[in-house]
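Notes for the one structure printed next.
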Amino acid sequence: MLETVASLNLVHRRDYLDDPEPLRDAYRESETLFAKLQAFRTSPDTDSTVREEPIEYDDNVPF
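Residue numbers for the sequence shown follow my numbering, so the first one is 618 and each next one is one higher.
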């Protein structure tokens, strides 16, 4: 994501686009994505794996 934002800044500085609105939209969305990624990283639920109870098998099966 960092590379994408840096590329957006280069495009803006070098005036590759006449209308900077698509850059602004992408930058706003990158801020939202970054906030979600940070929230995910700092979430308190560190062990969210799904586990099942072990099944006991009958050793006297004829096959």
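We treat Cβ as the ideally placed atom computed from N, Cα and C, and that holds for glycine. Note that the structure is a prediction, hence the values are computed from the model and not measured.
C-beta atoms of residue i and residue j nearer than 8 Å
i	j	result
His629	Pro639	no
Lys625	Ala643	Before going further, note that residue 625 is Leu rather than Lys in the sequence given. Against a cut-off of 8 Å, the Cβ pair of Ala643 and Leu625 comes out as a contact.
Decide yes or no for the touch test of the region 619–627 against the region 636–648: beta carbon pairs closer than 8 Å, at least 3 of them. As far as the Cβ criterion goes, the region 619–627 touches the region 636–648, which means the pair count is three or higher.
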